[in-house]
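Engineer:
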Amino acid sequence: MQEEMERAVKMNAISELAASIAHEVRNPLTVVKGFLQLMQKDEKGKNNDYFSIALCEMNRAEEIISDYLNFAKPHSKNVQVMEVNQVLREIVNILTPYALKENVELKIEGSNKTTVRSDQNQFKQVLINLIKNAIEATPKNGKVNVDLEEDKTVVKITITDTGKGMSNEQLTNIGTLFYSTKDKGTGLGTMVSFRIIAEMGGTLRYESKVNVGTKVTIVLPVDSNILHNE
Ligand code: ADP
Ligand code: MG
Numbered sequence: 194m195q196e197e198m199e200r201a202v203k204m205n206a207i208s209e210l211a212a213s214i215a216h217e218v219r220n221p222l223t224v225v226k227g228f229l230q231l232m233q234k235d236e237k238g239k240n241n242d243y244f245s246i247a248l249c250e251m252n253r254a255e256e257i258i259s260d261y262l263n264f265a266k267p268h269s270k271n272v273q274v275m276e277v278n279q280v281l282r283e284i285v286n287i288l289t290p291y292a293l294k295e296n297v298e299l300k301i302e303g304s305n306k307t308t309v310r311s312d313q314n315q316f317k318q319v320l321i322n323l324i325k326n327a328i329e330a331t332p333k334n335g336k337v338n339v340d341l342e343e344d345k346t347v348v349k350i351t352i353t354d355t356g357k358g359m360s361n362e363q364l365t366n367i368g369t370l371f372y373s374t375k376d377k378g379t380g381l382g383t384m385v386s387f388r389i390i391a392e393m394g395g396t397l398r399y400e401s402k403v404n405v406g407t408k409v410t411i412v413l414p415v416d417s418n419i420l421h422n423e
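So for the sequence shown, full-length UniProt numbering puts the first residue at 194; every next one is plus one.
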């Protein structure tokens, strides 16, 4: 128990640090990218190719940071009450073109007016990371379903995919810093998601079967003000 707590404190410190660094690195990256693009215009032949490679690597660095920070800025929490259904639909809309491109059917079900309390951008970051993983794991013509259910005190969001699934070993490693099975993966997406959901007072759980698919369940406490009003 003691060990577990120490580990949690350590992980928290590491991820706070990593998030701050990611945030600070993003701006200079954008500036350098802009100049590279400008300089490339005057170059032909080999030099032009070198600029292309440099820009490509810059884009990759940016992608890693956006896993982390697309929405979630560290140290600037803006906690508000929001309707889960509305936020979910917005994120599904954002990811629909990506799902179409990958030939995966992305569907959302359930509609209620349940509200939760969180930094909206951080919550969106979680949903993007998890739904994107589901699409990435799913082969052509597969399905990703997002469902929303509620009872009096909690709201349950499930993201189910018909993808490649995970072994028990993978399941125990998921959420660990830099654990990834993808060629160009970072392992940051799930790590950040676990942290944000824990901060919201919720839980994030994975169930998976190799070659069958994965189910991610997020359980969040509903905003208590609503309960008081009932
Ligand atoms: P990344 O996507 O960069 O690899 P993540 O933290 O988002 O990092 O995911 C970590 C790992 O967890 C992935 O590399 C993959 O092995 C596994 N994973 C996450 N979601 C799923 C899923 N829906 N189906 C199968 N594997 C998954
Ligand atoms: Mg990911």
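Cβ atoms here follow ideal geometry from the backbone N, Cα and C, with glycine treated the same way.
Using a threshold of 7 Å, is the CB atom of residue 356 nearer than that to any non-hydrogen atom of the ligand MG?
Structural biologist: Not so, every heavy atom of the ligand MG lies at least 7 Å from the Cβ.
Engineer: Is residue 223 near residue 275, with beta carbons less than 8 Å apart?
Structural biologist: Cβ atoms of residue 223 and residue 275: not closer than 8 Å.
Engineer: Counting by C-beta, which residues lie closer than 6 Å to a heavy atom of the ligand MG, in chain order?
Structural biologist: 322, 325, 326 and 382
Engineer: For the pair the region 330-341 and the region 361-376, tell me if three or more CB-CB distances fall below 8 Å.
Structural biologist: no
Engineer: Assign residue 275 to one of three DSSP states: helix, strand, or coil.
Structural biologist: In the three-state DSSP reduction, residue 275 falls in the strand class (E or B).
Engineer: Locate the beta strand (DSSP E) running through residue 379, then write down its first and last residues.
Structural biologist: Premise fails: residue 379 is in no beta strand (DSSP E) and is neither H nor E.
Engineer: Thinking just about the alpha-carbon of each residue, which of 282, 354, 293 and 225 is nearest to the one in residue 326?
Structural biologist: 354
Engineer: So, helix, strand or coil for residue 331, using DSSP?
Structural biologist: Here DSSP, grouped into helix, strand and coil, assigns residue 331 to coil.
Engineer: Helix, strand or coil for residue 350 per DSSP?
Structural biologist: strand
Engineer: Can you tell me where the beta strand (DSSP E) holding residue 364 begins and where it ends?
Structural biologist: Element bounds for residue 364: not the beta strand (DSSP E) but the alpha helix (DSSP H), 361-366.
Engineer: Which class does residue 395 belong to by DSSP, given the choice of helix, strand or coil?
Structural biologist: coil
Engineer: Going by C-alpha to C-alpha distance, which of 218, 250 and 214 sits closest to residue 230?
Structural biologist: 250
Engineer: Applying the criterion that 16 or more other CB atoms from any shown protein chain within 10 Å of the CB defines a buried residue, is residue 279 buried or exposed?
Structural biologist: exposed
Engineer: Measure the alpha-carbon distance for residue 419 versus residue 346 and round it to whole angstroms.
Structural biologist: Bear in mind that a pLDDT of 47 at residue 419, under 50, signals an unreliable position, so the model cannot answer this.
Engineer: Measuring straight from C-alpha to C-alpha, what distance separates residue 211 and residue 403?
Structural biologist: 31 Å
Engineer: Is DSSP giving residue 240 helix, strand or coil here?
Structural biologist: Look at residue 240 here: in three-state DSSP terms it is helix.
Engineer: Are the CB atoms of residue 386 and residue 299 within a distance shorter than 8 Å?
Structural biologist: no
Engineer: Within its chain, find whatever has a CB closer than 7 Å to the CB of residue 295; leave out the 5 residues flanking it on each side and keep chain order.
Structural biologist: The residues 328, in chain order, have a CB closer than 7 Å to that of residue 295 in the same chain once the five nearest residues on each side in sequence are set aside.
Engineer: Between the Cα of residue 349 and those of 376, 408, 233 and 232, spot the shortest distance and give me the residue it belongs to.
Structural biologist: 408
Engineer: Would you say residue 272 and residue 310 are within 8 Å of each other, going by their C-beta atoms?
Structural biologist: yes
Engineer: By how many angstroms is the C-alpha of residue 321 removed from the C-alpha of residue 292?
Structural biologist: 12 Å
Engineer: Looking at residue 373 and the ligand ADP, is the gap between the Cβ and the nearest heavy atom below 7 Å?
Structural biologist: For residue 373, the shortest separation between its Cβ and any heavy atom of the ligand ADP lies below 7 Å.
Engineer: Per DSSP, what kind of secondary structure is residue 227 in: helix, strand or coil?
Structural biologist: helix
Engineer: Excluding the 5 residues flanking residue 196 on each side, which residues of the same chain have their C-beta closer than 8 Å to its C-beta?
Structural biologist: none
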